[in-house]
Each structure stands twice: as C-alpha cells, then as structure tokens.
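Undergrad:
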Amino acid sequence: MTNATSQMVLQALEDNTNPILVTCHISPDGDCIGAALAVKHYLDGIHQPCVLVNDDEIPSRYDFLPGIEQFVRTKDVTQKYSVIVAVDCADRRRMGTVPSLFMENHVLINIDHHETNDHYGHLNLVEAQASATCLVLYRMFHAAGVPIGKALAHCLYTGIVFDTGGFRYNNTTPEVHMVAADLLKRGIEPFLVADRVLESMTREQAELVRLGLATLTVDDSGLIAYVVVDHETLVKSGANEGDTEVLLPYTRSLSGVEVGILFRENADGLIKVSLRSRERVDVSAIAVRFGGGGHIRAAGCSLHDSVADSVSQVLSAVREAVHKSFS
Ligand SMILES: [Mn+2]
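Each residue of the sequence shown is one higher than the last, beginning at 53 in our numbering.
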C-alpha cells in the first residue's frame, strides 16, 4: 500500500514538466531540512528544476549540508508553483505562509511521519511508524533503486540523527541503525553531522541558556519542568527564535522529570510551546488540544495569550495528563 504510494510520488515527480516547490515546516529542524534537501538532490538527479522555500531562516548549524544555500524565504519568492512537495509537515499550517505561493490548481505531495498528519495532500506518503521523514524518503528511494550519492546520504543521515536524538530516543529501531549503516557506506562524515546537529552551540545560544535557566521551574510533583523565554530575554541574548530549542534538554533531562516544556514568546507576542516527555505521557495529545501536533514524545503548539496565561493553561493540561499517566 505504502509502496504503491511511494511509486506514485516518484512517478508524479518524474512525469512533471513544471518547476517544483519543495517546502518543510516553520521553525525548521534537522529532519525537515535534511528531507527537503534530499528531495532537491533527487530532483537534481532527474533534472527537475525546484526551489526550496521556508518562511523562516535556516539555522546556521545546518550550513554544512550540501545545497543548503538554495533555501529561500517565502517573502523573497514572486513566482507561483503548481507542483509542491511538503516534507515533515503534519498539516498545512506547519507550512506557514508558503501556501500563498501555490497556484489555484496545484498538486501537493505530502511526505511525512507524524501521527497527527491529516493527509492534506493530493498524494500522501505518510508513514507514522517511521522514525524520521528522512527514513520515509530512504525507504522510497531504496525501494525504487534511486541512486543514493554522498550528498543525498548526508541529508538523509542528518534527519535521522536529529529525529532520533543521535540514536538515543525510543524511535531508534533496528531499521534506523541499518539505514544509518547503509548511508555511512556512501562516504558521509558522521562526526560532522553529530558535531553540527547535536554538539555545537553559538555564544548567543550559550547566553540564552544562561538567561533561560534562571526561569527553570520544577513543579511540586517533580514530574514537570519548564523554562520561559519572553521576547525581551531572547533579544537580550542575541540569539534567534529557533535557537531557543537549546533549552529543552535542560527540562526533560532533569532526573525524575516526565514532561519538559519550553515556552517562548516571538516578536508578534505569539507564545510557542515545545513539549517533550520521557516515558509515559503522550504530549502530542496535549499539543492537539491547543491546535498543535507532533509525536508522542515530542510535540508543539502556539497560543495567542499572554506569557502567564499560556503557561498556566498548558501547565494545567500537562498536570492532568501526568496525573492520569501516574495514577
Ligand atoms: Mn521529523
């Protein structure tokens, strides 16, 4: 069934005669960036012109990826496109304003691995049991005998490293290691990927950690920890909005903590919430209640409230979920 869909996706891309828009989600991460670039390298291989578009700036830690310089911001694109490939986006909203670049009669190909994916595409290659969108792409390329060169392998490997937390999360399946081994054979540099994706921190990010940790709060149960970064703090640190993710490990990693939460306020006053759980709580179910989505152990949502109200609303939902899981 899935195999049939992946064949249809490849067929649609091969038969296409129009420029293709490839996009991934707002606040782009390693899996979506790796997946979008992997699609680009595939399209290069079959001589199909494409453009890589995202609302947001691509974090500089991904500068080592081949083709990264081809990403453009939505606001800088004037043309409209009739063929779109969206990767790692659970729903249309995750694309931000990119859909404003779609022609009225467009074909949208949705390639993803989120349980909450609502099959918004005309073709939907959604494999919720896959550990990363890059793994969904690997399966598709591998099954079809698409040649996987070094550049393509580097992009796929990056997504897998990112979404498995460097082969540490519980989505690190035997398949993940077998695919990683196959990608390593293509001459990629695993140290480079691990260093840039998992280890490196800019001075601004370190400053953000210093300021952000001053807000680290563990609730009375000891099961929930959170950090709050208001816009003023973000500006003071000199870091970008996307950099705030560096604070997340300090919440869930605390001994005994089940759910870690990061609240951050953007320039428009929108409160973005990232949720991570350790073993029991389904944080995607919590995110969905606030109009967001994600995975069981990693999810996110946004609130149009004040910082204090957003914190209190999300905390009460998390407390309820934690209480259920531990009673
Ligand atoms: Mn992903």
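Virtual Cβ for every residue (Gly too), placed ideally from N, Cα, C. Owing to the predicted nature of the structure, the values given are computational and were not obtained by experimental measurement.
In whole angstroms, what separates the C-alpha of G346 from that of H99?
TA: Straight-line Cα distance between these residues: approximately 34 Å.
Undergrad: Mind checking which residues open and close the beta strand (DSSP E) that includes K324?
TA: Element bounds for K324: I323 to S329.
Undergrad: So, is A360 buried or exposed, given that buried needs 16 or more other C-beta atoms within 10 angstroms?
TA: With fewer than 16 other Cβ atoms within 10 Å, it is exposed.
Undergrad: To which residues of the same chain is G239 closer than 7 Å at the C-beta, ignoring the five residues directly before and after it?
TA: Taken in chain order, the residues that qualify are K202.
Undergrad: Below 7 Å, is the gap between the Cβ of D67 and the nearest heavy atom of ligand 1?
TA: It does not: the Cβ of D67 is nowhere closer than 7 Å to a heavy atom of ligand 1.
Undergrad: For Y133, list the residues DSSP reports as bridge partners.
TA: Paired residue(s): F154.
Undergrad: Is S354 near K324, with beta carbons less than 8 Å apart?
TA: It is a contact, given that the beta carbons lie within the stated cut-off.
Undergrad: Compute the minimum distance between the beta carbon of T130 and the heavy atoms of ligand 1, and state whether it is under 7 Å.
TA: Not so, every heavy atom of ligand 1 lies at least 7 Å from the Cβ.
Undergrad: Taking the alpha helix (DSSP H) that R228 falls in, what are its first and last residues?
TA: First, the amino acid is wrong: residue 228 is Val here, not Arg. It spans P226 to L236 - the alpha helix (DSSP H) in which V228 sits, taken as one unbroken run.
Undergrad: Pick out whichever of Y302, E293, V280 and P80 has its Cα sitting closest to the Cα of S362.
TA: For S362, the nearest C-alpha among the options comes from V280.
Undergrad: Figure out for me which residue from R332, D320, V231 and F315 has the closest Cα to the Cα of S326.
TA: The candidate whose alpha carbon is nearest that of S326 is F315.
Undergrad: Would you decide whether R304 is buried or exposed? Buried here means 16 or more other CB atoms lie within 10 Å of its CB.
TA: Looking at its Cβ environment, which holds 16 or more other Cβ atoms inside 10 Å, R304 is buried.
Undergrad: Given 7 Å as the limit, tell me if C84 has its C-beta closer than that to any heavy atom belonging to ligand 1.
TA: Indeed, a heavy atom of ligand 1 lies less than 7 Å from the Cβ.
Undergrad: Determine whether the beta carbon atoms of H19 and A319 lie at a separation below 8 Å.
TA: Missing from the structure shown is residue 19; the chain here goes from 53 to 379 and no further.
Undergrad: Just curious, the alpha helix (DSSP H) that G211 is in, first and last residue?
TA: K202 to D215 is the extent of the alpha helix (DSSP H) around G211.
Undergrad: Put F123 into one of helix, strand or coil per three-state DSSP.
TA: Note: F123 maps to strand in three-state DSSP.
Undergrad: For the beta strand (DSSP E) that contains S317, what are its first and last residues?
TA: Looking at the sequence provided, one finds Glu at residue 317 rather than Ser. Note, E317: beta strand (DSSP E), V311 to E317.
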